[in-house]
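Novice: So for the sequence shown, this note's numbering puts the first residue at 5; every next one is plus one.
By construction, the Cβ of each residue, glycine as well, lies at the ideal position given by its N, Cα and C atoms.
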Amino acid sequence: MVNAARLITQIVIVGSQILGRAFVEAYKQAAKNAAQNATAGGTGRAAVDAATRKTGITVEEAAQVLNVDKTASMEELLKSYEHLFKQNDPKEGGSFYLQSKVYRAKERLELELKRRAEGAEKSAPSN
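1. Hey, which unbroken runs of the alpha helix (DSSP H) at 4 residues or more fall wholly within the region 57–85?
2. Leu115 and Thr75 - do their beta-carbons sit closer together than 8 Å?
3. Answer yes or no: do Asn92 and Leu102 have a C-beta to C-beta separation smaller than 8 Å?
4. Give the straight-line distance between the Cα atoms of Asn71 and Ile15, rounded to the nearest whole angstrom.
5. What is the rounded straight-line gap between the Cα of Met5 and the Cα of Ala30?
Take a look at the structure:
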């Protein structure tokens, strides 16, 4: 019985040491990745990240929700938005959650179109 208790104690101690080392290594790797990501992002990426944080949705996800291409025009975007918004009207048996997703997707793609337009104005040669 004493040998079994000693064996269990040793297993617990060795297992704790292994887990402790794994957590330390994972923390080091996470800190390293965070530092790299902080220095890698430029102003363009910061604008995209800010828009994603504001709306809670990425451009890719927004395009998928509205069933349009990421580079869709404002007309295509609004046409798809209006159709899906009406289809998901809770008063007509739709889902408020889906309607909210559709609204956020439109909002995110509008921000992206605005950002692209501003970028095009800056890169256009002035006369």
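Specialist: So, from the listed chains and residues:
1. 63–70
2. In the sequence shown, residue 75 corresponds to position 71, counting from 1. In the sequence shown, residue 115 corresponds to position 111, counting from 1. Against a cut-off of 8 Å, the Cβ pair of Leu115 and Thr75 comes out as no contact.
3. In the sequence shown, residue 92 corresponds to position 88, counting from 1. In the sequence shown, residue 102 corresponds to position 98, counting from 1. Yes, they are a contact pair.
4. Reading the sequence shown from its first residue, position 67 is the one you call residue 71. Reading the sequence shown from its first residue, position 11 is the one you call residue 15. Distance between the alpha carbons of Asn71 and Ile15 is about 55 Å.
5. Taking the sequence shown and counting its residues from 1, the one referred to as residue 5 is at position 1. Taking the sequence shown and counting its residues from 1, the one referred to as residue 30 is at position 26. Using only the alpha carbons, I get a separation of about 37 Å.
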